[in-house]
Amino acid sequence: MSQDPAAWGEQFAPWMQGCAEMVEHGRALLAEVRRIRRSGAGMAGSEQVGLVPVVVGADPVGALVARARLGENAGRSTKSKLSQCDAAEWTAVMEEFGLQGVAAYPNFALGSWWMGLLSDDYGDWRQDYLAILDYSFYVEYNVDTAYGDRKDRLKREILSLWDMPDLPADLQARRAHVAADLAYFDTKRRDEADTSDLTTTGLTAWVYHDRDHWRDLKAVDSGIFGHYLSFVPGPAGRDDMMLTGLTNDWVDIGPDLRHQECGQSVLALTRGSLVMDDLLDCYERTVWMLNTQWTDTGSIRAERYAACMETLGTCLWQMGNHRQDPWRYYALTFDLCQAAQERELYAVGQLADCYAQDLTPITPTGTLRVRVPRRSLPFTVGVGSIRHTGTVSLHTAVCTAVETGVLPMATVEQQFIIPWLLRERRISPSAFLTYMDRTYCRRFSQIMRSGYANDFRRPYGEAIGALVMEQWWHGMYFAIGAGSLIEAQPDHVAGDRVNPGERNSRGVDQLGA
972 MSQDPAAWGE QFAPWMQGCA EMVEHGRALL AEVRRIRRSG AGMAGSEQVG
1022 LVPVVVGADP VGALVARARL GENAGRSTKS KLSQCDAAEW TAVMEEFGLQ
1072 GVAAYPNFAL GSWWMGLLSD DYGDWRQDYL AILDYSFYVE YNVDTAYGDR
1122 KDRLKREILS LWDMPDLPAD LQARRAHVAA DLAYFDTKRR DEADTSDLTT
1172 TGLTAWVYHD RDHWRDLKAV DSGIFGHYLS FVPGPAGRDD MMLTGLTNDW
1222 VDIGPDLRHQ ECGQSVLALT RGSLVMDDLL DCYERTVWML NTQWTDTGSI
1272 RAERYAACME TLGTCLWQMG NHRQDPWRYY ALTFDLCQAA QERELYAVGQ
1322 LADCYAQDLT PITPTGTLRV RVPRRSLPFT VGVGSIRHTG TVSLHTAVCT
1372 AVETGVLPMA TVEQQFIIPW LLRERRISPS AFLTYMDRTY CRRFSQIMRS
1422 GYANDFRRPY GEAIGALVME QWWHGMYFAI GAGSLIEAQP DHVAGDRVNP
1472 GERNSRGVDQ LGA
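Just so we're aligned: the sequence shown equals residues 972 to 1484 in this note's numbering.
Structure (structure tokens):
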């Protein structure tokens, strides 16, 4: 298949050029990272990227880092560890939707057969093809850890999945995007394999010296290139590609420190600072950038819809996919939600409005704000043996979706009400975690079924997006990010990519994703 953008018509040229530039910038920065790791000159830095010791403050975040350094986490790390769901509800979903092999893992199922359809790029069979691209990406991304000697055969099988005759031009372009992105990840995984014996301190971070080159690295590091043609062209579309990864990185700050992850974007934006005020500055700007996908009256911009769904759908996926431990992190630091809410979380700004070219934080000059339409939603929920009743003020899209049966109330309970009850100290951290552990698989099945029951129509997507934004506006992701620092301990480079057949000194059998 020709890689010449002209082969798909002039209308695709801007996206193809953008794809090529992002991959080129990403691989060039990876080469710098590789040189620094291999030379051992990590603290010296380079023209574009450097490895620096993090700065820790005398504040609540610093106190948590101190607890991590004293070994409170007992060597535990759950990043990239997948678990199957054995609940009857999830088994029924597997049987109904024909989910077998790795597709039976909620991480894969929700990340492709739910998110791939949630973005609503098309209203026909082409959307299914995008889901196949998403799924193929998941599988090939994990070849190095999940399949061992079978990986070459598996790659051939993946390519055969893509090889459909007479594809429309835009699907050929999307397939080329995914192929380019996998070339980036192949480079990254090979580099990590070469340096996986290097130990980490758990307190060094990769920082970058050019905002737009870093953005492009983060865009290709996010892995949703199959949807890139649905994004607006130019810097705004590339910002949206980056946002899918930035939002994910908030739940991974500690594990990424532990494994010296070069794509950790929160630390790139704080320039290696864990000082609470610097993290709050970054959180504030993350939300400002998310707000650019919304109108000033609190609905998703039509031209940014697919990007918004990929970004916020990813958030819902990571909040309960057994791959990470976000709710454990939240239970450690839920009281920090208030500090985030005291910031201005309703301003609007693209990346260049929030950060200068050298990644110095700046403030948008405009006055545009998102005005969130909210009303009270009543709830009754059982936590342990105690029933809790009351109301919460949520985006009207969430309330209407619950009232009309579009969105399961149970999803709202797990994603917002139960965390809110903990923040209000109406339940204990132990009761909170017990509830979350017991409802993981059931909630997965409810989310999958709700998407298909509503044919992934936009009222459903708007409700999902509004629910996740309420988490951001209420500071939940800041608390999770701070709590993740309980894992800021020494380990190995890319230690989260250990072959699941190995049981080593790092103490965890893991399967990457």
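Backbone N, C-alpha and C fix where the C-beta goes; we use that ideal spot for every residue, glycine too.
Ignore the nearest five residues each way along the sequence and tell me which others in C1233's own chain have a CB closer than 7 Å to its CB. V1004, W1177
Please return the same chain residues whose Cβ sits closer than 6 Å to the Cβ of L1081, not counting the five positions on each side in sequence. W1288
On the CB-based measure, 16 or more other CB atoms within 10 Å of its CB, does T1338 come out buried or exposed? exposed
Three-way DSSP call (helix, strand, coil) for M1014 in this model: Confidence at M1014 is low in this model, with a pLDDT of 48, below 50, so its placement is unreliable and the value that follows should be read with caution. Coil at M1014, not helix or strand.
Helix, strand or coil for F1350? Go by DSSP, reduced to three states. strand
Could you compute how far the alpha carbon of I1388 sits from the alpha carbon of D1181? 40 Å
May I ask you to list the residues that DSSP assigns as paired with D1462? T1171
Under a three-way DSSP split, which group does H1180 fall into? coil
To which residues of the same chain is L1214 closer than 7 Å at the C-beta, ignoring the five residues directly before and after it? M1260, L1261, T1282
Where do the N-terminal and C-terminal ends of the beta strand (DSSP E) with L1322 fall, by residue? That residue, L1322, is in no beta strand (DSSP E); its alpha helix (DSSP H) goes 1322-1325.
So who's on the other strand from L1022, going by DSSP bridges? W1177
Going by alpha carbons, who is nearest to H996 out of R1186, F1202, G1028, G1072? R1186
From I1333 to A984, what distance separates their C-alpha atoms? 32 Å
Only counting the same chain, and skipping five residues up and downstream in sequence, which positions put a Cβ closer than 7 Å to that of F1415? C1056, W1061, P1077, L1081, G1291
Tell me L1316's beta-bridge partners as DSSP assigns them. Note: L1316 sits in no beta bridge, so no partner.
Check each candidate in R1256, D1157, F1202 and name the one with the smallest Cα separation from A1311. R1256
Pull the bridge partners of H1366 from the DSSP assignment, please. R1345
Compare the Cα-Cα distances from L1245 to each of G1452, A1002, R1009, V994 and report the closest residue. G1452
Leaving aside the five residues before and after Q1019 along the sequence, list all residues of the same chain whose C-beta is less than 7 Å from its C-beta, in chain order. L1000, E1003, Y1179, H1180, D1181, H1184
Please return the same chain residues whose Cβ sits closer than 8 Å to the Cβ of F1449, not counting the five positions on each side in sequence. W1221, L1250, L1251, Y1254, L1307, C1308, A1310, A1311
CB of R1275 within 9 Å of CB of A1207, strictly: yes
For a quick check, are the C-beta atoms of L1217 and G1173 less than 9 Å apart? no
Is E1195 helix, strand or coil when you go by DSSP? Before going on, a small fix: residue 1195 reads as Ile here, not Glu. Three-state DSSP puts I1195 in coil, outside helix and strand.
Could you check whether L1070 and G1087 sit closer than 9 Å to each other, using their CB atoms as the reference points? no
Assign I1357 to one of two classes, buried (16 or more other C-beta atoms within 10 Å of its C-beta) or exposed (fewer than that). exposed
Is L1153 near F1202, with beta carbons less than 9 Å apart? no
Pick out whichever of P1400, R1345, G1422, A1402 has its Cα sitting closest to the Cα of T1382. G1422
On the DSSP bridge assignment, give the partners of P1204 in chain order. Partner(s): none; P1204 has no beta bridge.
Can you name the residues that DSSP bridges to H1359? V1352
Going by C-alpha distance, which of G1432, A1147, A1273, Y1112 is nearest P1193? Here residue 1193 turns out to be Ser, not Pro, going by the sequence shown. Taking only the C-alpha atoms, the option nearest S1193 is Y1112.
In angstroms, rounded to a whole number, what distance separates the CA positions of M1014 and I1007? Reliability fails at M1014, whose pLDDT of 48 lies under 50, so the model's placement of it is uncertain and the value that follows must be treated cautiously. Taking the straight line joining both Cα atoms gives about 9 Å.
Starting from H1148, trace the alpha helix (DSSP H) both ways and give me its first and last residue. 1140-1166
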